[in-house]
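Novice: Residue numbers (UniProt numbering): 1 to 142. First the structure, then my questions, so here it is.
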């Protein structure tokens, strides 16, 4: 039986052989992939920088800080709330407080005005409610 396997070795002196056309991709595709990765990483970098800048501006722009100190349910229609507010002394601030019932429904809301003149304030307010409130909450200050 004779060997019928073709000889795939290059002929001596034939020079370098090339892979079959289309088998391993073109060199331009590799350049395009590298270029695509660069564009992707640059875009991701810009998005991260933008988010960081917005976060920094938001965090540094908050010069008013309010905290709920205490709340006390006085009756079925009143809740007493005490806040601690830190702010620039030349700025007037409005803080919103609320109360909720046992189901989580809001039963009262009030805006508390804190005038300019002091940097720290500790206002106590009595919030009228439509039903028995079980919480006193600080919604926010601005």
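Beta carbons: idealized from backbone N, C-alpha and C, even for Gly.
Taking only the alpha-carbon atoms, compute the straight-line gap between residue 134 and residue 68 and give it to the nearest angstrom.
Specialist: Each residue's alpha carbon lies about 15 Å from the other.
Novice: Quick check: the stretch 30-48 against the stretch 116-126, are at least 3 beta-carbon pairs closer than 8 Å?
Specialist: As far as the Cβ criterion goes, the stretch 116-126 does not touch the stretch 30-48, which means the pair count is below three.
Novice: Specify, as a first and last residue, the run of the beta strand (DSSP E) that residue 65 falls within.
Specialist: Looking at the DSSP string, the run of the beta strand (DSSP E) that includes residue 65 is 65-75.
Novice: Output needed for residue 111: all residues of its chain with C-beta closer than 6 Å, excluding positions within five of it in sequence on either side, in chain order.
Specialist: For residue 111, where only same-chain residues beyond five positions count, the Cβ hits under 6 Å are 94 and 96.
Novice: Report buried or exposed for residue 81, applying the criterion of at least 16 other Cβ atoms within 10 angstroms of its Cβ.
Specialist: Buried, by the Cβ-count rule.
Novice: Please state if the CB of residue 136 and the CB of residue 85 are separated by a distance shorter than 8 Å.
Specialist: Result no, Cβ atoms of residue 85 and residue 136 do not sit closer than 8 Å.
Novice: Using the Cα positions of residue 55 and residue 48, report the straight-line distance between them to the nearest angstrom.
Specialist: Looking at the two C-alpha atoms, the distance is approximately 11 Å.
Novice: Using the Cα positions of residue 53 and residue 44, report the straight-line distance between them to the nearest angstrom.
Specialist: Spanning the two alpha carbons is a distance of roughly 14 Å.
Novice: Where does residue 128 fall in DSSP's three states?
Specialist: Of the three classes helix, strand and coil, the one that applies to residue 128 here is strand, per DSSP.
Novice: Taking the beta carbon of residue 98 as the centre, do at least 16 other beta carbons fall within 10 Å, making it buried, or is it exposed?
Specialist: Buried: at least 16 other Cβ atoms inside 10 Å.
Novice: For residue 89, which residues in the same chain have their Cβ closer than 8 Å to its Cβ, ignoring the five residues on either side in sequence?
Specialist: Only 116, 117, 118 and 119 meet the Cβ criterion.
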